[in-house]
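In this note's numbering, the protein residues as written are 70 to 331. Cβ atoms here follow ideal geometry from the backbone N, Cα and C, with glycine treated the same way.
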Amino acid sequence: MKLATWNINSLNVRLQRVLDWLDAHPVDVLCLQETKLRDERFPRAAFEAIGYESAFAGQPTYNGVAILARRDSVGAPASVVVGNPLFPDEQQRLISATLAGLRIVCAYFPNGQSVDSDKYVYKLRWIDALIEWLSQPSPLPTVLLGDFNIAPEDRDVHDPVAWEGQVLCSPRERERFARLVALGYADAFRLFEQPAGLYSWWDYRQLAFPRNAGLRIDHIMVAEALAPRVRECRIDREARKGKQPSDHAPVIADIEPGGASG
DNA sequence: ATGGCAATGTTTCATTGA
70 MKLATWNINS
80 LNVRLQRVLD
90 WLDAHPVDVL
100 CLQETKLRDE
110 RFPRAAFEAI
120 GYESAFAGQP
130 TYNGVAILAR
140 RDSVGAPASV
150 VVGNPLFPDE
160 QQRLISATLA
170 GLRIVCAYFP
180 NGQSVDSDKY
190 VYKLRWIDAL
200 IEWLSQPSPL
210 PTVLLGDFNI
220 APEDRDVHDP
230 VAWEGQVLCS
240 PRERERFARL
250 VALGYADAFR
260 LFEQPAGLYS
270 WWDYRQLAFP
280 RNAGLRIDHI
290 MVAEALAPRV
300 RECRIDREAR
310 KGKQPSDHAP
320 VIADIEPGGA
330 SG
């Protein structure tokens with residue numbers, strides 16, 4: 070079972086890119102962030118036409134998340150939950166659903182703007198509430214995937230000295246990531262030996278992508294019980310190439326279908 | 001010290017992103 074996450078930075082601008090990507094990579098589940106579309110404008114029919122059912126929560130201009138599910142393999146998203154029941158929030162950053170015996174949580178963590186800004190405080194509170202929610206027992210094993218806006222370690226940063234203490238890399242953000250790990254979530258990417266210099270986001274400016282000046286801030290985290298079943302986790306940097314790309318690349322994990330252990 | 005680029009709607013600039 071293949072799951073992917075991709076911050077698409079406007080689904081309106083990049084719908085064709087997503088359709089083409091799914092044609093080439095027919096994953097079972099694709100989580101999207103920054104759709105930037107109100108729900109009336111979500112291109113549900115375009116995804117249905119290529120065999121994907123969708124659940125989505127959007128708003129104009131900012132944020133917006135969606136879960137796409139391949140009809141012929143995992144069916145439609147069930148038990149859809151929009152937002153965090155413990156954290157009322159006008160910003161559409163969280164959607165979860167049940168698919169193939171898993172709880173899929175698609176998350177767009179706040180950016181935080183700069184350390185100690187109001188947005189940074191909101192980011193920490195938002196993450197704390199997510200951790201509180203995920204601390205509650207779930208009947209199904211959970212996969213938490215999305216744009217975390219956190220580079221967990223220095224090896225996830227092209228220039229750790231320049232980024233030291235900055236937003237996305239600050240100790241308090243990394244401590245939150247570590248708390249998710251302590252809660253029993255494994256960073257699927259780090260379950261495997263990976264070459265150095267693999268990132269999921271590159272600034273549009275200063276030729277960051279050709280210089281590979283990136284950060285790894287998009288993640289797939291799997292509950293403890295699922296970790297032994299993860300066969301592969303990789304970043305598709307090809308998707309960052311070409312005309313008018315998103316500034317993020319998709320992350321893909323392959324999880325062995327569940328047995329009696331769930 | 002700052003901008004660099006991109007998308008959006010508040011549109012011919014300000015705001016946000018990361």
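Between the beta-carbon of L106 and the beta-carbon of V143, is there less than 7 Å?
The residue given as residue 106 occupies position 37 in the first sequence. The residue given as residue 143 occupies position 74 in the first sequence. Cβ distance not < 7 Å, so L106 and V143 don't count as in contact.
So is G266 buried or exposed if we call it buried at 16+ other beta carbons inside 10 Å?
Along the first sequence, one-based indexing puts residue 266 at 197. By the 10 Å Cβ count, G266 comes out exposed.
Straight-line Cα distance separating L295 from D89:
For this step, residue 89 is matched to residue 20 along the first sequence. For this step, residue 295 is matched to residue 226 along the first sequence. Rounded to the nearest angstrom, the two C-alpha atoms are 29 Å apart.
Residues that DSSP places opposite E122 in a beta bridge
Start at 1 with the first residue of the first sequence, and residue 122 comes out as number 53. A138, per the DSSP bridge assignment.
Buried/exposed call for K310, threshold 16 Cβ in 10 Å:
One-based indexing of the first sequence puts residue 310 at position 241. It is exposed - the Cβ of K310 has fewer than 16 other Cβ atoms within 10 Å.
Span separating the alpha-carbon of G133 from that of S165
Along the first sequence, read from residue 1 onward, the residue named residue 133 stands at position 64. Along the first sequence, read from residue 1 onward, the residue named residue 165 stands at position 96. Within the model, the alpha-carbon separation for G133 versus S165 is close to 13 Å.
Excluding the 5 residues flanking R241 on each side, which residues of the same chain have their C-beta closer than 7 Å to its C-beta?
Counted from its first residue, the first sequence places residue 241 at position 172. Here the set comprises L193.
For the 8 Å Cβ check, are there 3 or more pairs between the region 314-328 and the region 285-300?
The region 314-328 makes contact with the region 285-300; the number of CB pairs closer than 8 Å reaches 3 or more.
Residues in its own chain within less than 6 Å of T104 by CB, not counting five upstream and five downstream?
In the first sequence, the residue the question calls residue 104 occupies position 35. Closer than 6 Å at the Cβ level, and outside the excluded window around T104, lie L80, G127, G133 and A135.
When the distance is taken between beta carbons, is S269 closer than 7 Å to D256?
Indexing the first sequence from 1 puts residue 256 at position 187. Indexing the first sequence from 1 puts residue 269 at position 200. No, the Cβ-Cβ distance between D256 and S269 is not below 7 Å.
Roughly how many angstroms lie between the CA atoms of P314 and Q85, to the nearest whole one?
Sequence index remark: in the first sequence, residue 314 carries index 245 (1-based). Sequence index remark: in the first sequence, residue 85 carries index 16 (1-based). Each residue's Cα considered, the two are about 11 Å apart.
Got a sec, what are the start and stop residues for the alpha helix (DSSP H) Y254 sits in?
To locate residue 254, count along the first sequence from 1; it is residue 185. Counting along the chain, Y254 falls outside any alpha helix (DSSP H), though it belongs to the beta strand (DSSP E) covering Y254 to D256.
Identify whether V184 lies in helix, strand or coil by the three-state DSSP scheme.
In the first sequence, residue 184 corresponds to position 115, counting from 1. In the structure shown, V184 sits in coil (DSSP, three-state: anything other than H, G, I, E or B).
Output needed for R140: all residues of its chain with C-beta closer than 7 Å, excluding positions within five of it in sequence on either side, in chain order.
Here residue 140 corresponds to residue number 71 of the first sequence, with the count starting at 1. So the qualifying residues of the chain are G120, Y121 and E122.
Using CA atoms only, rank isn't needed, just tell me which of E201, Y191 and W271 is closest to A251.
Here residue 251 refers to the residue found at position 182 of the first sequence. Checking every option, the nearest Cα to that of A251 belongs to E201.
Apart from the five residues just before and just after A277, which ones in its own chain have a Cβ nearer than 6 Å to its Cβ?
Here residue 277 refers to the residue found at position 208 when the first sequence is read from its first residue. The beta carbon of A277 sits closer than 6 Å to the beta carbons of W271 from its chain, once the five residues preceding and following it are set aside; these are given in chain order.
Same chain, Cβ closer than 6 Å to V245, neighbours up to 5 away in sequence not counted
For the purposes of this step, residue 245 is taken as residue 176 along the first sequence, with counting starting at 1. According to the sequence provided, residue 245 is Arg. The question's Val does not apply to it. Taken in chain order, the residues that qualify are I196.
Per DSSP, which one or two residues make a beta bridge with L214?
Walking along the first sequence from the start, residue 214 turns up at place 145. Looking at the DSSP assignment, L214 forms a beta bridge with C175 and I289.
Extent of the continuous alpha helix (DSSP H) to which D332 belongs
Outside the modelled stretch of the chain, which goes from 70 to 331, sits residue 332, for which no answer is possible.
Quick check on this structure: which residue in N78, H317 and L199 has the alpha carbon closest to the alpha carbon of E307?
Counted from its first residue, the first sequence places residue 307 at position 238. With distances taken between Cα atoms, E307 lies closest to H317.
Local Cβ density within 10 Å of A114, reported as buried at 16 or more and exposed below that:
Translated into positions along the first sequence, residue 114 becomes position 45. With fewer than 16 Cβ atoms within 10 Å of its Cβ, A114 is classed as exposed.
Which first and last residues belong to the beta strand (DSSP E) in which E301 is found?
Here residue 301 refers to the residue found at position 232 of the first sequence. Taken as a continuous stretch (DSSP letters only), the beta strand (DSSP E) holding E301 covers V299 to I304.
Reducing DSSP to helix, strand and coil, say where F246 ends up.
Position 177 of the first sequence, counting from 1, holds the residue named residue 246. Assignment of F246 by DSSP, reduced to helix, strand and coil, places it in the helix class.
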